[in-house]
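Below: one structure, written as structure tokens.
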Amino acid sequence: MTPQRQREVIAEIDGWKRHANKPLWEKEGCLHDGWAQHFLEELPDYLNDRNAMAQARSIFTDRQKEVYAHVLMQISGEWRIHDWKLDVPQAEDYIGYIELPPAATYLMLNASAEQQAEAFLRTMGKWEESA
């Protein structure tokens with residue numbers, strides 16, 4: 149999945165839509181510095197801006213937060229959850245309260261915006277494997 153494609157998919161999930169007649173992106177009710185900002189020429193730089201990723205994650209349900217945490221742990225370090233797969237119906241059996249070792253917590257808190265973006269897209273089922 150190219151970086152530009154990642155940005156576009158995250159932006160669409162985050163509520164941005166391509167303007168029908170102009171090379172702009174628009175979002176209903178978007179505020180920037182207290183002012184209404186409905187149009188952007190460039191999408192937020194999700195892959196380099198952890199604040200933009202925090203905004204995108206604000207839509208998560210409690211269940212999605214759990215899935216995201218597990219996926220981010222797998223992406224950001226060597227932490228693995230045995231037998232846990234996102235694509236099996238039994239995934240709920242593996243998701244729930246777990247006690248994180250300090251190293252896993254550290255990796256999650258220090259994950260790059262790029263790692264957060266991949267975890268976000270995988271959580272939402274929108275990650276596309278590169279050919």
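Following the working numbering, the numbering of the sequence shown begins with 149 at its first residue and continues without gaps.
From the three backbone atoms N, C-alpha and C, an ideal C-beta is built for every residue, glycine too.
Here the structure is a predicted model, which means the values were calculated and not measured.
Boundaries of the alpha helix (DSSP H) around proline 151: 151 to 161. Residue nearest to leucine 257 within the set Trp275, His218, Leu269, Ser278 is His218 (criterion: CA-CA distance). For lysine 213, the enclosing alpha helix (DSSP H) stretches over residues 210 to 224.
Counted as a single uninterrupted DSSP element, the stretch harbouring asparagine 196 is not any alpha helix (DSSP H), since DSSP gives it neither H nor E. A Cβ-Cβ distance of about 12 Å is found for the pair leucine 195 and alanine 267, leaving them out of contact under the 8 Å criterion. Judged by beta-carbon spacing, arginine 153 lies within the 8 Å limit of glutamate 276, meaning their Cβ atoms are closer than that value. Burial is judged here by how many other beta carbons sit within 10 angstroms of a residue's own beta carbon; threonine 271 has at least 16 and is buried.
Collapsing the DSSP output to three states places methionine 272 in coil.
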